[in-house]
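K.L.:
Mind looking over this structure? Questions follow.
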Amino acid sequence: MRNTAKRIYVALIILFLYAPIGTLMVLSFNASKTRAKWGGFTFKWYIELFQNEEILRALFNTMLIALLSALAATVIGTVACIAMTGMKRRTKSIMMGITNIPMLNAEIVTGISLMLLYISLGIKFGIGTILLSHITFNIPYVILSVMPRMKQLNPSTYEAALDLGASHLTAFFKVVLPDLLPGILSGFLMAFTMSLDDFIITHFTKGVGVDTLSTKIYTEVKKGIKPEMYALSTLIFVAVLTLLLLINLSPDKKTS
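If you read the sequence shown in our numbering, its first letter stands for residue 1161, the second for the next number, and so on.
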């Protein structure tokens, strides 16, 4: 009886999580524009998707900003973790508290604050302001991912590399970086995902005529979401699912 209840519980969770996505995928093949009527199976919306310059431009902006902001935030966040490791415990605790504030702060406050900062500095709104904003709020997530790996490092291995004649730079890339790599990759993926999904901060810091997918979809909602958006959402979901499957099904490294 208990096992049956567990299975029903898990099934309900999966249903609530993936039923909306399943509905979206089905509607992306619906020949009818109305969501209340099935008009037959078609690939029409996928074809029109790749002919819609506005959506493709928003997709390009989204991917470009997400990639660049994740890379920049990963580098800055990793360097910050290395710097904080050499601090005294009290100073380190204060710095960690400061870096956690952007994650606890409401996004609307961060968005408005950044908007006012750019206005006061006379910075023109556009791709650059969105990129700077995304780097800013992504850095704490990278630090959160890399710092636990920093705490697990054995400083003796780094010192041993220096004693054996390696330079500080060589010792870092040969000894420290390989141990930090899982945390760095995790931080990069988290930063990329957060940037890809952000709407509020992007909405306050974007310029006129510049759109990402989130702001484009928000604009479309007022007029009615086009079926091409269903097709795009389906392709993004399938791409993410395929990536996760490849990562999880890849053969494990041989253990010595």
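Glycine included, every Cβ here is placed at the ideal spot set by N, Cα and C. These numbers come from a predicted model, not from an experiment.
1. Would you mind reading off the limits of the alpha helix (DSSP H) that contains Val1493?
2. Would Ile1361 and Thr1234 qualify as a contact pair, given that the criterion is a beta-carbon distance under 7 Å?
3. Which of helix, strand or coil does DSSP assign to Phe1297?
4. Would DSSP call Asn1265 helix, strand or coil?
5. Give the DSSP bridge partners of Phe1422, in chain order.
6. Met1350 lies in the alpha helix (DSSP H); which residues open and close that run?
7. Apart from the five residues just before and just after Ala1321, which ones in its own chain have a Cβ nearer than 7 Å to its Cβ?
8. What residues in its chain sit with their C-beta under 7 Å from that of Met1275, if we drop five residues either side in the sequence?
9. In three-state DSSP terms, what is Phe1333?
10. One question on the structure: do Gly1237 and Gly1343 come within less than 7 Å of each other, judged by their Cβ atoms?
11. Keeping to the same chain, check which residues put their C-beta closer than 7 Å to that of Leu1228; ignore five residues upstream and five downstream.
12. What are the start and end residues of the alpha helix (DSSP H) that includes Phe1220?
13. Taking the Cβ atom as the reference point for each residue, do Gly1182 and Ala1191 lie within a distance shorter than 7 Å?
14. Have a look at Leu1403, Val1306 and Thr1372 and flag the residue whose alpha-carbon is nearest the alpha-carbon of Leu1345.
15. Under 8 Å, with one C-beta from each stretch per pair, do the stretch 1366 to 1384 and the stretch 1239 to 1251 reach the 3-pair mark?
16. Around the Cβ of Asp1358, are there at least 16 other Cβ atoms within 10 angstroms (buried) or fewer (exposed)?
17. Whose C-beta lies closer than 6 Å to the C-beta of Met1255 among residues of the same chain, with five residues either side of it excluded?
18. CB-CB under 7 Å to Lys1193, same chain, minus the five flanking residues each way: which ones, in chain order?
19. What first and last residue would you give for the alpha helix (DSSP H) that runs through Phe1364?
P.N.:
Let me lay it out:
1. Since the first and last residues shown for the chain are 1161 and 1416, residue 1493 lies out of range.
2. no
3. helix
4. coil
5. The displayed coordinates of the chain run from 1161 to 1416. Any statement about residue 1422 would go beyond what the structure contains.
6. Leu1337 to Asp1357
7. Ala1331, Lys1334 and Val1335
8. Phe1364 and Thr1365
9. helix
10. no
11. Leu1291
12. Glu1213 to Thr1245
13. no
14. Val1306
15. no
16. buried
17. Met1244
18. Pro1387
19. Ile1360 to Thr1365
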